[in-house]
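J.: The following block contains the structure, expressed as structure tokens.
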Amino acid sequence: MQKTALVTGGAGFIGSHLCERLLGEGFRVVAVDSLLTGSLENLASFKENPAFTFVERDVRDATEAEFASCKFDEIYNLACPASPVHYQADPLRTALTSIKGILLSLSLARRDGAKLLHASTSEIYGDPLQHPQKEEHWGNVNTIGIRSCYDEGKRMAETLLCDHIRTYGTDARMVRIFNTYGPRMHPQDGRVVSNFIVQALADADITIYGDGSQTRSFQFVSDLIEAMRKYMALGKDEVRAFFSARGFIAPVINTGNPDERTVKELAERTLALIPESKSKIVLKPLPGDDPKRRKPDISLAKTLLGWEPRVTLDEGLAKTVEYFKARKETSK
Ligand code: NAD
Ligand code: UDP
Numbered sequence: 114m115q116k117t118a119l120v121t122g123g124a125g126f127i128g129s130h131l132c133e134r135l136l137g138e139g140f141r142v143v144a145v146d147s148l149l150t151g152s153l154e155n156l157a158s159f160k161e162n163p164a165f166t167f168v169e170r171d172v173r174d175a176t177e178a179e180f181a182s183c184k185f186d187e188i189y190n191l192a193c194p195a196s197p198v199h200y201q202a203d204p205l206r207t208a209l210t211s212i213k214g215i216l217l218s219l220s221l222a223r224r225d226g227a228k229l230l231h232a233s234t235s236e237i238y239g240d241p242l243q244h245p246q247k248e249e250h251w252g253n254v255n256t257i258g259i260r261s262c263y264d265e266g267k268r269m270a271e272t273l274l275c276d277h278i279r280t281y282g283t284d285a286r287m288v289r290i291f292n293t294y295g296p297r298m299h300p301q302d303g304r305v306v307s308n309f310i311v312q313a314l315a316d317a318d319i320t321i322y323g324d325g326s327q328t329r330s331f332q333f334v335s336d337l338i339e340a341m342r343k344y345m346a347l348g349k350d351e352v353r354a355f356f357s358a359r360g361f362i363a364p365v366i367n368t369g370n371p372d373e374r375t376v377k378e379l380a381e382r383t384l385a386l387i388p389e390s391k392s393k394i395v396l397k398p399l400p401g402d403d404p405k406r407r408k409p410d411i412s413l414a415k416t417l418l419g420w421e422p423r424v425t426l427d428e429g430l431a432k433t434v435e436y437f438k439a440r441k442e443t444s445k
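Mapped onto the numbering used here, the consecutive letters of the sequence shown carry residue numbers 114 to 445.
Rendered as structure tokens:
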């Protein structure tokens, strides 16, 4: 029988790739999105598919009763602005989106006996005290800084998810996603990969914040979607046994590419892929609480899912450059 999936944040960068993949696998897909940072353009290649339904709705206001006519088999909770620029623009909205979004998803999962996959983040680790970061690390997070609305909102979502498991036995899982990039990022998204590519294509200054020595590990979007689907293919008992054998209540795995790079190196790789660019690198002030180093330990995901990222940084950047070039051409 055809399965039905709910994707909150389905019109966003990652959400739209996930919807497309689920439709390709034969699911009916309901995407709920407020279009805060997502767009209908992201849905263009599948919005006419009769198995796809788009609901423009804010998860802060949505209720379980609104979905009375649906029975979900799988729920993916992705609604939340992910770029620092956008999540800091209205911090109260960001924190509430994480909290209300996970509560809605959990109650629907409990109602329908559905599997739930929550999009958590490497920001859970804050400015990490361990390197690379393992799931056991509790993090080093400022509760009162400019990133806290996102970090603490996401941490609270993890807490609510675990308490739902303890209280109701809900079949909920989470992925802590490390910096993910690719086609369908918004040109004004503000995150580093899209900024550098958009700047290089426009011959504008490449804005490195700080001295560029801070590191990130960049995962191409198709690798993340593969990990998410592999995780959701597992049964509840299998997931529970795997984590309880390791002393975890939380079914949480890191998903990222451990290929760690400095931001300066990312700028240089981007410019190397766009040799016609006349852009120059300029240094701008480093925003508050910007983590210095970030790299996932993906041992758990490797063992549980038999998964590891396949797309190299140069391959992924080249595909993303092609996407932004094509976008620029069509908008002329
Ligand atoms: P994105 O901004 O493109 O997508 C987020 C989507 O959520 C957008 O379509 C937006 O309109 C929607 N949204 C925001 N607030 C909403 C609300 N209140 N109600 C309904 N919809 C709302 O970002 P993304 O990179 O695709 O991120 C998707 C998810 O993955 C987010 O939860 C993010 O925290 C998580 N994540 C992403 C990364 C990454 O590197 N891309 C890393 C860690 C975690
Ligand atoms: N960054 C930068 N220039 C930009 C955008 C971001 O140097 O135009 C830096 C930012 O300060 C951080 C890293 O790149 O150190 C990754 O930033 P991003 O916003 O992509 O994600 P984060 O991992 O900080 O959430």
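Beta carbons: idealized from backbone N, C-alpha and C, even for Gly.
At least one CB of chain C closer than 8 Å to the CB of Asp186: is that the case?
T.: This model lacks chain C altogether; it includes just one protein chain.
J.: Using the beta-carbon count (16 or more within 10 Å), is Met114 buried or exposed?
T.: Counted from its first residue, the sequence shown places residue 114 at position 1. Exposed is the call here.
J.: With the cut-off set at 8 Å, would you say Thr150 and His299 are in Cβ contact?
T.: Position 37 of the sequence shown holds residue 150. Position 186 of the sequence shown holds residue 299. Contact flag set, yes.
J.: Where does the unbroken beta strand (DSSP E) through Met287 begin, and where does it stop?
T.: Taking the sequence shown and counting its residues from 1, one reaches residue 287 at position 174. Looking at the DSSP string, the run of the beta strand (DSSP E) that includes Met287 is Ala285 to Ile290.
J.: Check whether the Cβ atoms of Pro241 and Pro404 lie closer than 8 Å to each other.
T.: Here residue 241 corresponds to residue number 128 of the sequence shown, with the count starting at 1. Here residue 404 corresponds to residue number 291 of the sequence shown, with the count starting at 1. Yes; because the gap between Cβ atoms is below 8 Å, this pair is in contact.
J.: Taking 8 Å as the cut-off, decide whether the C-beta atoms of Leu273 and Gly323 are in contact.
T.: Sequence index remark: in the sequence shown, residue 273 carries index 160 (1-based). Sequence index remark: in the sequence shown, residue 323 carries index 210 (1-based). No; because the gap between Cβ atoms is not below 8 Å, this pair is not in contact.
J.: Return the residue from the list Ser235, Phe159 and Ala222 that minimises the CA-CA distance to Ala181.
T.: Numbered from its first residue, the sequence shown carries residue 181 at position 68. When each option's Cα is compared against that of Ala181, the closest is Ala222.
J.: Going by DSSP, name the residue or residues bridged to Phe167.
T.: As a position in the sequence shown, residue 167 is number 54, starting the count at 1. Paired residues: Ala144.
J.: Please list, in chain order, all residues of the same chain as Val254 whose beta carbon is under 6 Å from its beta carbon, the five residues on each side excluded.
T.: The sequence position of residue 254 within the sequence shown is 141, counting from 1. If we look at Val254 and ignore the five residues flanking it on each side, its Cβ neighbours are Gly239 and Asp264.
J.: What's the C-alpha gap between Ile127 and Lys160?
T.: Walking along the sequence shown from the start, residue 127 turns up at place 14. Walking along the sequence shown from the start, residue 160 turns up at place 47. Cα to Cα, Ile127 sits roughly 16 Å from Lys160.
J.: Which of the three DSSP states, helix, strand or coil, is assigned to Thr176?
T.: Mapped onto the sequence shown, residue 176 falls at position 63. Looking at Thr176 - three-state DSSP - the assignment turns out to be coil, as it is neither helix nor strand.
J.: Within a Cβ cutoff of 6 Å, which residues of the same chain sit near Asn292, ignoring the five residues on either side of it in sequence?
T.: As a first step, residue 292 must be located in the sequence shown, where it is residue number 179. Arg329 and Phe331, listed in sequence order.
J.: Please state whether DSSP places Ala232 in a helix, a strand or coil.
T.: Within the sequence shown, numbered from 1, the residue matching residue 232 stands at position 119. Three-state result, Ala232: strand.
J.: Looking at ligand 1, does it come within less than 7 Å of Thr293, judged from the CB to the closest heavy atom?
T.: As a first step, residue 293 is located in the sequence shown; it is residue number 180 there, counting from the start. Yes, Cβ of Thr293 sits closer than 7 Å to a heavy atom of ligand 1.
J.: I'd like the ranges of any alpha helix (DSSP H) spanning at least 4 consecutive residues and lying wholly in the stretch 349-401.
T.: 349-357 and 376-386
J.: Can you give the Cα-Cα distance for Ala175 and Gly369, rounded to whole angstroms?
T.: The sequence position of residue 175 within the sequence shown is 62, counting from 1. The sequence position of residue 369 within the sequence shown is 256, counting from 1. Each residue's alpha carbon lies about 31 Å from the other.
J.: Any idea what DSSP makes of Arg406, helix, strand or coil?
T.: As a working note, residue 406 is residue 293 in the sequence shown. Arg406: coil per DSSP, three-state reduction.
J.: Select from Ser218, Ala439, Ala380 and Glu351 the residue whose C-alpha is nearest the C-alpha of Val120.
T.: In the sequence shown, the residue the question calls residue 120 occupies position 7. Comparing Cα positions, the closest option is Ser218.
J.: I'd like the span of the alpha helix (DSSP H) that includes Tyr263, first residue to last.
T.: Counting from one through the sequence shown, the residue named residue 263 turns up at place 150. Here the alpha helix (DSSP H) through Tyr263 covers Ser261 to Tyr281.
J.: Shortest alpha-carbon distance to Arg406 belongs to which of Lys432, Val145 and Ser235?
T.: Within the sequence shown, the letter at position 293 stands for residue 406. Nearest option by C-alpha distance: Ser235.
J.: Please classify Glu133 as buried or exposed, where buried requires at least 16 other C-beta atoms within 10 Å of its C-beta.
T.: Counting from one through the sequence shown, the residue named residue 133 turns up at place 20. Burial call: buried.
J.: Express the C-alpha separation of Glu442 and Ala118 in angstroms, rounding to a whole number.
T.: Here residue 118 refers to the residue found at position 5 of the sequence shown. Here residue 442 refers to the residue found at position 329 of the sequence shown. C-alpha separation (whole angstroms): 34 Å.
J.: Excluding sequence positions up to five away, which residues of its chain have a Cβ less than 6 Å from the Cβ of Trp420?
T.: Taking the first residue of the sequence shown as position 1, residue 420 is located at position 307. Once the five neighbours on either side are set aside, the close Cβ partners of Trp420 are Ala340, Lys343 and Ala414.
J.: How is Thr207 classed by DSSP in three states: helix, strand or coil?
T.: Here the question's residue 207 lines up with position 94 in the sequence shown. Looking at Thr207 - three-state DSSP - the assignment turns out to be helix.
J.: Taking 7 Å as the cut-off, is the CB of Phe437 close to at least one heavy atom of ligand 1?
T.: Position 324 of the sequence shown, counting from 1, holds the residue named residue 437. Checking the Cβ of Phe437 against ligand 1 gives no.
J.: Measure from the alpha carbon of Thr433 to the alpha carbon of each residue in Leu417, Ser307 and Arg289, then state which is nearest.
T.: The residue you call residue 433 lines up with position 320 of the sequence shown. For Thr433, the closest alpha carbon among the candidates Leu417, Ser307 and Arg289 is that of Ser307.
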